[in-house]
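Participant: As numbered in the UniProt record's numbering, residues 1 to 195 make up the sequence shown, in order.
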Amino acid sequence: MRILRAAEYRVMPWKNGGGTTTEIAVSPDGAGLDDFDWRVSMARVESGGPFSGFAGVDRTLAVLEGGGVALDIAGRAPTELTGASAPFSFPADVPTQAALIAGPITDLNVMTRRGRMTHKVERLVISTPLDIRTEAATTLVLCVDGTVTAGLAGAARLEPRDTLMIGPDAREMRLEPARTAMLFMISIDRVPAND
């Protein structure tokens, strides 16, 4: 179990140069934009435009702050995402345009290398203690809003934008909010090798 503090995240330019992203975690450690197995980040989006393309990568997007974004993904009907929308998954290697609905947004972006890794992203709004089971190789709990104590013995306190990273050995964990809190639980697994 490891706490990743918001103040320590790495800020780096987008692949297409159109803005900056705040990298929460990447695997393997220190991997760049072209050689990660998985990557979790947040981005402040100030204007509409094309998404960066990532060959062989699957992406899930969720809106953390702001009025939302309309996505035009090649081959799909346009989709609007807001802070109330479920996380939305799509291939990161098809042409995608974004238009802001009502001003800048901050989004959560989870990417995994197709054929090597898979991921699932869930939004949780909790006001009472919640016991979670982690079965994935890596689980990240991002505290977006509120303060949460995590662990069987209240071991870790997560402030807004802090992330708890849990390995495969920590199977059960209690999340205790100080008041209503919004979290994202990100489960990342390795694709089993073919025998």
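Each residue gets a CB set at the ideal place from its N, CA and C atoms; glycine is no exception.
Less than 8 Å between the CB atoms is what I'm expecting for Gly48 and Ala98, so what's the real figure, rounded?
Facilitator: 5 Å
Participant: What do you reckon, are the CB atoms on Arg133 and Glu176 nearer than 7 Å?
Facilitator: Not closer than 7 Å, so no.
Participant: If we cut at 7 Å on Cβ distances, does Ala86 have a partner in chain B?
Facilitator: Looking for chain B here will not work: only one protein chain is present.
Participant: Would you tell me roughly how many angstroms separate the C-alpha atoms of Glu80 and Pro50, rounded to the nearest one?
Facilitator: 15 Å
Participant: Spell out the partners DSSP gives Ser187 in its beta bridges.
Facilitator: Lys120, Thr139
Participant: State the start and end residues of the unbroken beta strand (DSSP E) segment that holds Thr134.
Facilitator: It is not in any beta strand (DSSP E) - Thr134 carries neither H nor E in the DSSP assignment.
Participant: Under 8 Å: do the region 23-36 and the region 8-15 share three or more Cβ pairs, one atom per stretch?
Facilitator: These segments touch.
Participant: What residues in its chain sit with their C-beta under 7 Å from that of Val63, if we drop five residues either side in the sequence?
Facilitator: Val69, Leu81, Thr82, Gly83, Ser85, Ile105, Asp107
Participant: Just the C-alpha distance for Arg179 and Glu135, rounded to the nearest angstrom, thanks.
Facilitator: 27 Å
Participant: Nearest-angstrom Cα distance between Leu33 and Arg116?
Facilitator: If I take the Cα positions, the gap works out to 16 Å.
Participant: Report the three-state DSSP secondary structure of Ala31 (helix, strand or coil).
Facilitator: Here DSSP, grouped into helix, strand and coil, assigns Ala31 to coil.
Participant: Rounded to whole angstroms, what's the CA-CA distance from Arg59 to Ile3? Just pull it up for me.
Facilitator: 24 Å
Participant: Counting C-beta neighbours from all protein chains within 10 Å, is the total for Ser127 16 or more, i.e. buried, or is it exposed?
Facilitator: exposed
Participant: Excluding five sequence neighbours on each side, which residues of the same chain lie with their C-beta closer than 6 Å to the C-beta of Met182?
Facilitator: Val125, Val144, Asp145
Participant: What's the gap between the Cα of Val148 and the Cα of Glu159?
Facilitator: 7 Å
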